[in-house]
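These protein sequence lines are chains A and B, in that order.
If you're matching positions, the first sequence starts at 133 in the working numbering and goes up one per residue.
If you're matching positions, the second sequence starts at 4 in the working numbering and goes up one per residue.
All C-beta atoms in this analysis are idealised placements derived from N, C-alpha and C, irrespective of residue type, glycine included.
Just so it is clear, the structure is predicted and the values come from calculations on it, not from any experiment.
Reading through the structure tokens given below for one structure.
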Amino acid sequence: MKNEHTDDTFLARWLNKDLTSEELISFKKSKEYEEYLKIAEAMDAFESPSFNKEAVLQSIKNKIQSKQKVKKLVPNWMYAAVASVALLLSVVYYMSNSTETYITSFGEQMAVTLPDGSKVQLNSKSSISYKKSDWFDGNRTLNLNGEGYFKVKKGSTFSVNTENGNVTVLGTQFNVKTLPLYFEVLCYEGKVQVKNKEEIAILTQGLSFRKIEQKPSEKGMFKNSSPLWVDGETSFNNTPLKFVVAELEKQYQITVSSVGIDLKTLFTGTFSNKNLDLALQTICIPLSIKYTIDGNMVSLTKI
Amino acid sequence: MLEKKSVCESEVFEELYSDHSKSLYNFAFYKTGNSAQSEDLVQEAFIKMWNNCVKIIFEKAKSFLFTVVNNQFLNDVAHKKVVLNYRKQGVKESTNENPEFLLEEKEFLNKLQTTISNLKEGQREVFLLNRIDKKTYKEIAEILSISVKAVEKRMHLALKQVREQIGNI
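Right, dumping it as structure tokens:
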């Protein structure tokens, strides 16, 4: 009986009023009970020291605030934000300031849509380049090398700059061909202004402008509604053989050598861009020239 | 449960403070026996909670606070001999006891006080949290991260110890 309250949680259960009535009755009979009861009752006389809740809260707030101030000055996420904004800006800057360039190789053609929706078709061995930032400012300017057929959307002035001169329009369709010492502009729709070092010409639909070497510029007329090269043919009108051969070399990636042939002979006609043998026949037969093909080499001789 | 309370909001923070600061202080005091040190521990716990408020869910805030006080105490408080200074309360308003009885009772309380001071820290904090703060065994178990059974054992031992030692003084 004496050992009944000696299991290791007995007193805890007593304090918590968790004892069974039998346990309680027998515990009350024991001599220790009175002492335990006295201790338990005496505990009520104690209290913990007073705690200055408000003052401690105030000092916590002060500490938190002073810490927050330090944080607020340059919070960590700010670095990330600044870095990403800088990155974004530099990407935008790079994109708007970069120069877009499109280049075609031998026998290749390429259709390019410009930022304003205008379209350019590039012939073989040609290139255009423009600055994006110019176009965002409404300044429609590009550089051309080789030959391109332009379909310009209506809008502000559209300029094509070449080494041989500039072509400016306000929305039209035209073809520009620029090679060393060769400059040709054909207007298929609307009105085009051509300007080179010596003169300014205004072309309307069906009119062409051509300047070869140092000769005076020629103006001509044509009937096609779009350049033939777009459909895979190249046409010439009273053009020195030299430029015809050069065009042939560009379309087929060949080297043409000629012996005893006057390259100043004028040629009028059209050759295919798809069949070299056929193209050579259309050029050589009317001019009484013999040709032989050897890989990438084509040699022309007089009959 | 639809809306979760964020510890980062100052109203929630103040609610937690008004609910737990006093018992947190007592808990610290039962460990250290030093009121200034206890206030520091309470402060540190709340500041730590605020700085980590994003990571702490409301339901876990209370146990976080007690854990911080406990760890902080173990970390940087030298184990001194704790002398608890309890203020006596005028429990009994009736004064029909004779002076001899009153004197005896005062003596008994002093003895009790000394005995409690001499208890092991683990037993003392459990005993006082239950007797003075009226915390249930379950609550104490949560605060100390121990089982209810362990709390009951400590209670039992504490009371047994007090009874055995009080006669020797």
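- prompt: To the nearest angstrom, how far is it from the Cα of residue 356(A) to the Cα of residue 221(A)?
  reply: 48 Å
- request: From the DSSP output, in three-state form, read off residue 143(A) for me.
  value: helix
task: Compute every distance between the C-beta of residue 64(B) and the non-hydrogen atoms of the ligand SAH, then say whether any falls below 7 Å.
output: This structure lacks the ligand SAH, and indeed carries no ligand of any kind.
message: Among the candidates 427(A), 335(A), 316(A), whose CA atom is the shortest distance from the CA of residue 342(A)?
response: Measuring from the Cα of residue 342(A), the nearest candidate turns out to be 316(A).
field: Pair within 8 Å by beta-carbon distance, residue 354(A) and residue 371(A)
entry: Not in contact: residue 354(A) and residue 371(A) (Cβ atoms no closer than 8 Å).
message: Cβ closer than 7 Å: which chain A residues qualify as neighbours of residue 50(B)?
response: 192, 195, 196
message: With a threshold of 8 Å between beta carbons, is residue 156(A) in contact with chain B?
response: Interface criterion not met: the Cβ of residue 156(A) is under 8 Å from no Cβ in chain B.
- prompt: Quick one: Cα of residue 131(B) to Cα of residue 104(B), how far?
  reply: 26 Å
- prompt: Of all the residues that make up the segment 169-181 of chain A, which are near chain B by a beta-carbon distance shorter than 8 Å?
  reply: 170, 171, 172, 174, 175, 176, 177, 178, 179, 180, 181
The segment 278-293 of chain A contacting the segment 308-315 of chain A, beta-carbon criterion three pairs below 8 Å: yes
- prompt: What is the residue span of the beta strand (DSSP E) that residue 345(A) lies within?
  reply: No beta strand (DSSP E) contains residue 345(A), which DSSP labels as neither H nor E.
- prompt: Mind checking whether residue 285(A) and residue 302(A) have CB atoms under 8 Å apart?
  reply: Going by C-beta atoms, residue 285(A) is not nearer than 8 Å to residue 302(A).
field: chain A contacts made by the segment 30-42 of chain B, where a contact means CB separation under 9 Å
entry: 32, 33, 38, 41, 42
- prompt: Between the segment 149-169 of chain B and the segment 157-172 of chain A, do at least 3 Cβ pairs fall closer than 8 Å?
  reply: yes
- prompt: If you draw a straight line from the C-alpha of residue 211(A) to the C-alpha of residue 266(A), how long is it?
  reply: Straight-line Cα distance between these residues: approximately 33 Å.
field: Among 288(A), 254(A), 257(A), nearest to residue 269(A) - alpha-carbon criterion
entry: The option with the nearest alpha carbon to residue 269(A) is 288(A).
task: Run the CB neighbour count on residue 348(A), radius 10 Å, all protein chains shown included, and call it buried at 16 or more, exposed below.
output: exposed
- prompt: In angstroms, rounded to a whole number, what distance separates the CA positions of residue 241(A) and residue 231(A)?
  reply: Roughly 21 Å separates the two Cα atoms.
Under 9 Å (Cβ pairs) to chain A, residues found in the segment 149-172 of chain B: 152, 154, 155, 156, 157, 158, 159, 160, 161, 162, 163, 165, 166, 169, 170
message: Using 8 Å as the threshold, is the C-beta distance between residue 405(A) and residue 385(A) below it?
response: no
message: Does any residue of chain A have a CB that is nearer than 8 Å to the CB of residue 147(B)?
response: No, residue 147(B) does not count as interfacial toward chain A.
- request: Output the residue ranges of the beta strand (DSSP E) runs that lie fully inside the segment 237-293 of chain A and measure 3 residues or longer, sorted by chain position.
  value: 242-245, 251-254, 259-263, 272-283
query: Three-state secondary structure (DSSP) at residue 367(A)?
result: strand
message: Tell me which residue opens and which closes the beta strand (DSSP E) that residue 321(A) is part of.
response: In this chain, the beta strand (DSSP E) harbouring residue 321(A) covers 314-321.
message: Within a Cβ cutoff of 7 Å, which residues of the same chain sit near residue 362(A), ignoring the five residues on either side of it in sequence?
response: 253, 281
message: With distance defined between alpha-carbon atoms, name the residue in 392(A), 414(A), 418(A), 407(A) nearest to residue 433(A).
response: 392(A)
- request: Output, in chain order, the set of chain A residues within a Cβ distance shorter than 9 Å of residue 143(B).
  value: The premise fails here: residue 143(B) is roughly 11 Å from chain A at the closest Cβ pair, so nothing lies under 9 Å.
query: Rounded to the nearest angstrom, how far is the Cβ of residue 318(A) from that of residue 340(A), given a contact under 8 Å?
result: Taking 8 Å as the upper bound for CB-CB distance, residue 318(A) and residue 340(A) are in contact here, some 4 Å apart.
field: Beta-carbon neighbours of residue 134(B), restricted to chain A and to distances below 9 Å
entry: 147, 172, 175, 176, 178
- prompt: Between which two residues does the beta strand (DSSP E) containing residue 38(B) stretch?
  reply: Careful: residue 38(B) lies outside any beta strand (DSSP E), inside the alpha helix (DSSP H) at 38-54.
- request: Count the other CB atoms, across all protein chains shown, that sit within 10 Å of the CB of residue 39(B); report buried if there are 16 or more and exposed otherwise.
  value: Around the Cβ of residue 39(B), a 10 Å sphere holds fewer than 16 other Cβ atoms; the residue is exposed.
query: Alpha carbon to alpha carbon, what distance is there between residue 175(A) and residue 185(A)?
result: 24 Å
message: Tell me the rounded alpha-carbon separation between residue 91(B) and residue 167(A).
response: Residue placement at residue 91(B) is poorly supported in this model, since its pLDDT is 44, which falls under 50; the coordinates are not used for a value here.
query: Is there at least one Cβ from chain A nearer than 8 Å to residue 45(B)'s Cβ?
result: Under the 8 Å criterion on CB atoms, residue 45(B) is classed as interfacial with respect to chain A.
- prompt: Run through DSSP, which three-state label would residue 194(A) get?
  reply: helix
- prompt: Between the segment 144-158 of chain B and the segment 61-71 of chain B, do at least 3 Cβ pairs fall closer than 8 Å?
  reply: yes
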